[in-house]
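Working notes, structure below.
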Amino acid sequence: MESTPQPVRRSLPPPGSPDLWLLRLSDTPDTASDAATLDPSERERAASFARPADRVRFTAAHRTLRAVLGSYLGVPPAEIRYARETCPCCGGPHGRPALLGFPGDLHFSLSHRGDLVLVGVAGEPIGVDVELVPDIEGSGELALMLHPGEQREAQALDPVRRPAAVARLWTRKEAYLKGLGTGLGRDPALDYIGLGAPDGPRPRVDWHFRDVPVDRGYVAAVATRGPLTAPAPRPNRVTGRFPRHR
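Numbering (the numbering used here), first residue to last: 0 to 245.
Pasting the structure below:
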């Protein structure tokens with residue numbers, strides 16, 4: 000069932016059951032081009048992209064994020080202000096994104112690639128990632144950045160299956176690093192996540208993962224600090240223009 004965030008205050012999802020929102024840019028060209036709700040820094044970043052498609056994707060992604068968060072906070076999207084937590088790697092101000100002026104029990108994450116924008120909302124630290132499935136050459140380059148044990152697992156796969164499997168693992172890894180607040184500032188080779196069932200044994204027992212069903216040709220994942228108590232979450236589809244806050 001397709002859904003659109005409404006301009007009312009939503010309840011936060013229960014622990015271990017994050018809410019996911021998915022936008023397909025090709026379905027919503029008017030939404031993708033509208034920067035009215037973005038703040039000046041977001042508009043400046045959008046303008047810095049050389050390729051028009053990248054500007055459209057960035058604008059749509061951040062407008063979607065604001066609309067989703069506004070529906071949980073009960074405020075117009077344009078009133079939302081962001082900050083960055085301290086980075087666990089270097090102590091700089093570029094860790095997990097956080098909200099200014101609102102209670103700290105709402106955590107969120109944003110990812111966009113190709114035609115898709117994915118937003119995750121939870122009551123605990125969360126990371127999401129969506130990627131295009133690469134070709135065989137691209138998957139080989141990704142695999143070289145993985146944990147040695149993950150590289151061995153990838154090499155053991157049939158070459159035809161390897162690109163999708165490596166991409167699926169990479170989304171789990173990026174979702175986890177976003178949830179930590181380090182992003183790729185932390186070497187992806189340091190932590191073993193593995194190609195098996197996403198909740199299988201691993202050193203990072205305080206983080207749990209789920210693969211997220213998205214469009215053909217893409218893979219996605221969500222990571223939360225603490226167990227995921229629900230089955231693999233199916234994203235709510237964001238469609239059309241978001242209604243105005245009332």
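Virtual Cβ for every residue (Gly too), placed ideally from N, Cα, C. This structure is a prediction, so every number in the text was calculated from the model and none was measured.
Thinking C-alpha only, which one of the options is nearest residue i?
| i | options | result |
| --- | --- | --- |
| L176 | Q154, N235, R215, H93 | H93 |
| R185 | C88, D104, P212 | C88 |
| G122 | P12, V237, R233, R236 | P12 |
| D128 | T170, V211, A52 | T170 |
| D157 | S138, L115, F107 | S138 |
| S40 | E149, S110, L115, T58 | T58 |
| H207 | L24, C86, S110, E173 | E173 |
Using only the alpha-carbon positions, how far apart do residue i and residue j sit?
| i | j | result |
| --- | --- | --- |
| L98 | G216 | 33 Å |
| L68 | R209 | 22 Å |
| G119 | V159 | 31 Å |
| S32 | H61 | Residue placement at S32 cannot be trusted, given a pLDDT of 48 that sits under 50; what the coordinates show is reported in the next sentence. So the two alpha carbons sit approximately 11 Å from each other. |
| P75 | V221 | 26 Å |
| R236 | L22 | 6 Å |
| P234 | G90 | 33 Å |
| Q5 | D134 | In this prediction, Q5 scores a pLDDT of 45, lower than 50, which makes its location untrustworthy; the coordinate-derived value is nonetheless stated afterwards. If I take the Cα positions, the gap works out to 38 Å. |
| R9 | L19 | 13 Å |
| A35 | A77 | 8 Å |
| A45 | R54 | 5 Å |
| L24 | R56 | 7 Å |
| A196 | S70 | 33 Å |
Under 7 Å Cβ to Cβ from residue i, same chain only, skipping five residues before and after it: list those, please.
| i | result |
| --- | --- |
| L131 | R112, G113, G216, Y217 |
| P17 | G119, V120, A121, I125, V221, T223, P232 |
In chain order, what residues of the same chain lie with their CB nearer than 6 Å to the CB of residue i, ignoring the 5 residues before and after it?
| i | result |
| --- | --- |
| L194 | E152, A164, L168 |
| A155 | none |
| H146 | A188, Y191 |
Is it right to say residue i is buried, meaning 16 or more other beta carbons lie within 10 angstroms of its own, or is it exposed?
| i | result |
| --- | --- |
| A142 | buried |
| R50 | exposed |
| P242 | Confidence is the limiting factor: at P242 the pLDDT is only 42, short of 50, which leaves the residue's position unreliable, though a coordinate-based value still follows. Exposed is the call here. |
| R65 | buried |
| L117 | buried |
| L183 | exposed |
| G178 | buried |
| A166 | buried |
Leaving aside the five residues before and after residue i along the sequence, list all residues of the same chain whose C-beta is less than 8 Å from its C-beta, in chain order.
| i | result |
| --- | --- |
| G103 | A97 |
Discussion item. Extract the residue ranges of the alpha helix (DSSP H) inside the region 158-225, only unbroken runs of 4 or more that lie entirely within it.
Written reply: 161-179
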